[in-house]
Ligand code: ATP
Ligand code: MG
Ligand code: MG
Ligand code: MG
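Residue numbers (the UniProt record's numbering): 1 to 469.
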């Protein structure tokens, strides 16, 4: 059974053999792209190659790209621990053509790798195409011999990929694997498509248009290819598993989490171990790429992930900080492929330990307050916004941490009440400054308080790149 590390190499070698340049993953913080919170797909580092603005010495590339989807448009944070297929941090394997090959080659490249090199049974695979893309449907028929019912035409944006309101875009085709009817879910396009039976493994985008701000679209001079396949998803499949978290690498992290806490990876704490394993990866990789926990922007997303992980460790009965102790396991698993982890080990461990030590003092008290509030809360009622705000303001609970805690008990937060409480606090702060006559100082203080007031706790949606891939 191939390990995730072996599968990554097989993928890159396959495309290298087919004349692609193996390019390193770019950092999780996109260079020169303030519109995007984190790198969320393989194409991010090649954006300008598709429009022709940037020329490189190669026109075929392949990468294993570090991705984080925990903020902005692509936010899988709430899926972690609950679905079989989502992480906040994952690796996207991709092959790219910049004005070189197009559909006629991209489809056979993918099909050959999956069915020959990876030896996946053909009858378990099905694909989607954009509803008007007869060309792609015909290539699938010819190359893979798929029957019409396994070439599903999708009319929605799921199969017309756009980087954002502007930029390169085009129709795409996606490859799905059927894990069997013992798992709930339906084929793409059906009402049950969000189940985990039919798992999307690979998205091939046919870059052929450019979208402009005024809504118009032009055909690009070059036709290009941008693909993305989740390493953990193809890994699960090749290891005969359904769940990404049962792959070798994730499993080792789950075991490390269990060894540091309740000793039972598959016991009732399993969901907590999954969350911890996932969050260990995203937090460590973000710190290695220079993000530090802070009160806003990228740093606040990092802090939210860290604190969520800490709550899950707490639920496992951990009395002392846990996360920093798991870093060596992560480096053992991923340090060879990503040497930046080893280089940043001390920083990662210190940052995790510092954050966990500081948060520990208020975490216990905050969770107690939350428990008490829930005891008094009539059935069916939402947690009052003021309580969630107190947890945020006094105990350092990001709103989504409170929501995560409530989800287990099928409760929700009154988010309008939360916003109102936040506004009220800001208004009070402003009022207390009026009349001092120190307008300039007040302005400075305001800037600071806005900044420290975690302005983007509800989602920081300045990310405009909608990149599905
Ligand atoms: P899904 O519909 O399952 O959420 P997606 O359509 O959002 O996936 P794409 O944006 O098309 O995913 O990304 C390309 C590939 O990256 C997917 O086909 C999948 O293999 C992988 N992928 C996407 N999101 C995640 C995630 N959160 N965790 C692990 N792999 C992912
Ligand atoms: Mg998704
Ligand atoms: Mg999808
Ligand atoms: Mg997709």
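Ideal placement from N, C-alpha and C gives every residue a C-beta, glycine not left out.
None of the values given here were measured: they were computed from a predicted structure.
Any non-hydrogen atom of ligand 4 closer than 8 angstroms to residue i Cβ
i	result
residue 158	yes
residue 203	yes
residue 174	yes
Proximity test, residue i beta-carbon vs ligand 1 heavy atom, cut-off 8 angstroms
i	result
residue 177	no
residue 85	yes
residue 67	yes
residue 230	yes
residue 79	yes
residue 90	yes
residue 244	yes
residue 282	no
residue 216	no
Limits of the unbroken beta strand (DSSP E) element including residue i
i	result
residue 392	Run containing residue 392: none in the beta strand (DSSP E); it sits in the alpha helix (DSSP H), 385-395.
residue 90	89-97
residue 198	198-211
residue 66	60-68
residue 162	160-162
residue 125	125-130
residue 153	151-154
residue 39	Run containing residue 39: none; DSSP gives neither H nor E here.
residue 166	No beta strand (DSSP E) contains residue 166, which DSSP labels as neither H nor E.
For residue j and residue i, believed in contact at Cβ under 8 angstroms, the rounded distance
i	j	result
residue 327	residue 260	At roughly 11 angstroms, the Cβ-Cβ gap does not stay under 8 angstroms, so residue 327 and residue 260 are not in contact.
residue 110	residue 199	Rounded, the Cβ-Cβ distance is 16 angstroms, inconsistent with contact.
residue 245	residue 277	7 angstroms
residue 494	residue 83	The displayed coordinates of the chain run from 1 to 469. Any statement about residue 494 would go beyond what the structure contains.
residue 324	residue 353	4 angstroms
residue 255	residue 293	Residue 255 to residue 293, Cβ: 27 angstroms. No contact.
residue 422	residue 389	6 angstroms
Limits of the unbroken alpha helix (DSSP H) element including residue i
i	result
residue 334	327-334
residue 254	248-260
residue 111	103-112
residue 236	231-238
residue 134	134-144
residue 339	339-343
residue 7	4-17
residue 315	297-315
residue 287	270-288
residue 118	Element bounds for residue 118: n/a, residue is neither H nor E.
residue 407	399-407
residue 48	47-51
Residue i versus residue j: straight-line alpha-carbon distance, rounded
i	j	result
residue 258	residue 247	16 angstroms
residue 402	residue 424	20 angstroms
residue 91	residue 25	9 angstroms
residue 16	residue 114	16 angstroms
residue 106	residue 95	9 angstroms
residue 445	residue 305	Any reading at residue 445 needs caution, since the residue's pLDDT is 42, under 50, leaving its predicted position unreliable; the model's value is listed next. The straight-line gap from Cα to Cα measures roughly 28 angstroms.
residue 420	residue 385	8 angstroms
residue 234	residue 125	12 angstroms
residue 27	residue 39	7 angstroms
residue 308	residue 36	23 angstroms
residue 81	residue 236	16 angstroms
residue 300	residue 70	11 angstroms
residue 56	residue 274	40 angstroms
residue 357	residue 397	15 angstroms
residue 368	residue 79	26 angstroms
residue 267	residue 330	22 angstroms
residue 145	residue 67	33 angstroms
residue 417	residue 392	13 angstroms
residue 72	residue 34	12 angstroms
residue 317	residue 262	7 angstroms
residue 6	residue 311	34 angstroms
residue 112	residue 173	16 angstroms
residue 302	residue 291	8 angstroms
residue 140	residue 74	29 angstroms
residue 51	residue 218	11 angstroms
Residue i: CB within 8 angstroms of a non-hydrogen atom of ligand 2
i	result
residue 233	no
residue 100	no
residue 76	yes
Any non-hydrogen atom of ligand 3 closer than 8 angstroms to residue i Cβ
i	result
residue 200	yes
Any non-hydrogen atom of ligand 6 closer than 8 angstroms to residue i Cβ
i	result
residue 294	This structure simply doesn't include ligand 6; it includes ligand 1, ligand 2, ligand 3 and ligand 4 instead.
Evaluate contact between the segment 280-292 and the segment 377-390, counting only Cβ atoms and requiring at least three cross-stretch pairs below 8 angstroms. No: fewer than three Cβ pairs fall under 8 angstroms.
If you pair each beta-carbon of the segment 222-237 with each one of the segment 196-208, do three or more pairs fall below 8 angstroms? Output reads yes: the segment 196-208 touches the segment 222-237.
Quick check: the segment 11-28 against the segment 52-66, are there 3 or more CB pairs under 8 angstroms? Judged by Cβ distances under 8 angstroms, the segment 11-28 makes contact with the segment 52-66, as three or more pairs qualify.
Assess, as a yes-or-no matter, whether the segment 209-222 is touched by the segment 173-189 under the definition of 3 or more beta carbon pairs within less than 8 angstroms. Touching, no.
Any 3 or more C-beta pairs closer than 8 angstroms across the segment 158-172 and the segment 41-55: Result yes; three or more Cβ-Cβ pairs closer than 8 angstroms.
Any 3 or more C-beta pairs closer than 8 angstroms across the segment 96-103 and the segment 151-161: Contact fails: fewer than three Cβ-Cβ distances are below 8 angstroms.
Below 8 angstroms, how does it come out for the segment 358-372 and the segment 334-344: are there three or more Cβ pairs, yes or no? The way I'd put it, the segment 358-372 doesn't touch the segment 334-344; fewer than three beta-carbon pairs between them come closer than 8 angstroms.
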